[in-house]
Amino acid sequence: MSKDKISVIGISGSIRENSYTSAAVELALEGAQEFGAEVELIELRKYELVFCNTEGEDNYPKDVAKLREKVESAHGIILGTPEYHGGYSGVLKNALDLMGFKQFEGKMMGLIGVSGGKMGAINALNGLRVVGRTLHSWVIPQQASISEAWKKFDDKGSLADKDLHKQVKNVGQQLAKFSFLHHSNQAMEFLRLWESAIENPGAE
Numbered sequence: 007m008s009k010d011k012i013s014v015i016g017i018s019g020s021i022r023e024n025s026y027t028s029a030a031v032e033l034a035l036e037g038a039q040e041f042g043a044e045v046e047l048i049e050l051r052k053y054e055l056v057f058c059n060t061e062g063e064d065n066y067p068k069d070v071a072k073l074r075e076k077v078e079s080a081h082g083i084i085l086g087t088p089e090y091h092g093g094y095s096g097v098l099k100n101a102l103d104l105m106g107f108k109q110f111e112g113k114m115m116g117l118i119g120v121s122g123g124k125m126g127a128i129n130a131l132n133g134l135r136v137v138g139r140t141l142h143s144w145v146i147p148q149q150a151s152i153s154e155a156w157k158k159f160d161d162k163g164s165l166a167d168k169d170l171h172k173q174v175k176n177v178g179q180q181l182a183k184f185s186f187l188h189h190s191n192q193a194m195e196f197l198r199l200w201e202s203a204i205e206n207p208g209a210e
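Structure representation (structure tokens):
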């Protein structure tokens, strides 16, 4: 796997210190790392970002370019968000608006949502799934929605619920697997041979 080393980044769309969202994304990254991926957690609260304005990019802080470069260089991306009023966070929305196809097209994407209520973060995840498709990302089927997060995490910030722990970690594992398959030399060679194969005359 050394020739096909992949990188996975996790973006936490929460600006709270010691947030449940960041803890969940970090756990998913552990799953990706176990598969052999190089991982990095990006906490948006540590980035100096501005509201998206395409007419003023010359005045953007350096962290905008830094964020774009990190996402662009990754093979797989995990987006984590708290759910606010049935949607994903405004912080994450703005960060996504500051990027585009150059950063996301053709990348694998995994989704994790955290909510304080009983309904979970399904609506936020559905919204992010639309964003992923719009940016031509491959959004994997596996996702994790954590409801009543204040009950599911312990005092140390670890996800104590065993089933959810496994589910969140699986998002990272599956993302890493699909990213590897999508970018491996063997997969690229298969696609090259498939695209150059003679058309099946019986298909007419």
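Numbered according to the numbering used here, the sequence shown terminates at residue 210, and the numbering increases by one at each position without gaps. Cβ atoms here follow ideal geometry from the backbone N, Cα and C, with glycine treated the same way.
Reduced DSSP secondary structure (H/G/I, E/B, other) of residue i
| i | result |
| --- | --- |
| Ile-48 | strand |
| Leu-141 | coil |
| Ala-212 | Outside the modelled stretch of the chain, which goes from 7 to 210, sits residue 212, for which no answer is possible. |
| Ser-8 | With a pLDDT of only 43 at Ser-8, under 50, the local geometry of the prediction cannot be trusted, and the value read off the model is given with reservation. Ser-8: helix per DSSP, three-state reduction. |
| Ala-55 | Per the sequence presented here, residue 55 reads as Leu, with Ala not at that position. Residue state, collapsed to three classes: coil. |
| Glu-75 | helix |
| Phe-159 | strand |
| Gly-220 | Any question about residue 220 goes unanswered here, given that the chain covers just 7 to 210. |
| Ala-150 | strand |
CB of residue i within 8 Å of CB of residue j, strictly
| i | j | result |
| --- | --- | --- |
| Tyr-94 | Leu-134 | yes |
| Gly-19 | Leu-98 | yes |
| Trp-144 | Gly-122 | no |
| Lys-76 | Ile-15 | yes |
| Met-125 | Ser-153 | yes |
| Gly-96 | Asn-129 | no |
| Gly-163 | Ala-38 | no |
| Gln-149 | Leu-131 | yes |
Member of the options whose CA lies at the smallest distance from the CA of residue i
| i | options | result |
| --- | --- | --- |
| Asn-176 | Gly-62, Leu-35, Ile-83, Glu-78 | Leu-35 |
| Gln-179 | Ser-121, Gly-163, Val-31, Gly-112 | Val-31 |
| Gly-116 | Gly-96, Gly-126, Thr-87, Phe-107 | Thr-87 |
| Arg-139 | Asn-65, Ala-71, Asp-169, Phe-110 | Phe-110 |
| Ile-146 | Asn-129, His-171, Ile-118 | Ile-118 |
| Arg-22 | Ala-130, Gly-126, Val-120 | Val-120 |
| Phe-107 | His-142, Glu-63, Leu-131 | His-142 |
| Val-174 | Leu-33, Tyr-66, Gly-112 | Leu-33 |
| Glu-46 | Leu-73, Gly-62, Ser-151, Ser-25 | Leu-73 |
| Arg-51 | Gly-62, Glu-40, Asp-64, Thr-27 | Thr-27 |
Sequence-distant residues of its chain with Cβ nearer than 8 Å to residue i (five each side left out)
| i | result |
| --- | --- |
| Ile-12 | Gly-42, Ala-43, Glu-44, His-81, Gly-82, Ala-182, Ser-185, Phe-186, His-189 |
| Ala-166 | Lys-158, Phe-159, Asp-160 |
Contact set for residue i: own chain, Cβ-Cβ below 7 Å, skip 5 residues either direction
| i | result |
| --- | --- |
| Asn-100 | Leu-55, Phe-57, Cys-58 |
| Leu-102 | Val-137 |
| Ser-25 | Ser-18 |
| Tyr-66 | Val-56 |
6 Å Cβ shell around residue i - same chain, five flanking residues per side excluded
| i | result |
| --- | --- |
| Ile-17 | Ile-48, Leu-85 |
| Lys-113 | Ile-83, Ser-143 |
Residue i - partner residues in DSSP beta bridges
| i | result |
| --- | --- |
| Met-115 | Ile-83, Val-145 |
| Tyr-90 | Gly-93 |
| Ala-182 | DSSP, once it has assigned bridges, lists no residue as partnering Ala-182. |
| Ile-21 | Ile-21 is not bridged to any residue. |
| Ala-101 | BP columns for Ala-101 are empty, so no partner. |
| Ser-13 | Glu-44 |
| Leu-165 | Phe-159 |
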